[in-house]
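Contents: one structure, followed by commentary.
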Amino acid sequence: MAVVHVACIYCQQAFNVVKNGKAETGHQWYRCKDCNKSFQPEYRYNGNLPGTHEQIIKMTMNGSGVRDIGRVPEISPTTVLARLKNSTRQQ
Ligand SMILES: [Zn+2]
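Its first residue numbered 28, the sequence shown is counted upward by one per residue in my numbering.
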């Protein structure tokens, strides 16, 4: 049996990562026992990548429009609007 160590994309630990089911697309989900976050090693849609939300907020603060922001990480303007709408709820 081959053992594959997957490093957590949040805390970079590789020894406390366990499988955590599969996505609808068939990609494997993993969960880190150290930081208790779930992740996929590779995402199909760039809008779900860690750090995309922070990039949207930074570009908004620098005066970029919704369609400009969507073009850079290649995500939908609808996703950009939803993230901005939800970020105002959290504050
Ligand atoms: Zn972790």
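A virtual CB, placed ideally from N, CA and C, is assigned to each residue, including glycine.
In this structure, what does DSSP give as the bridge partners for R58? V45 and S65
Taking contact to mean at least 3 C-beta pairs separated by less than 8 Å, is the segment 60-74 in contact with the segment 35-52? yes
When you measure from the CB of Y37 to every non-hydrogen atom of ligand 1, does any distance come out below 7 Å? Flag set: Cβ of Y37 near ligand 1.
Three-state secondary structure (DSSP) at E51? coil
Per DSSP, what kind of secondary structure is H80 in: helix, strand or coil? helix
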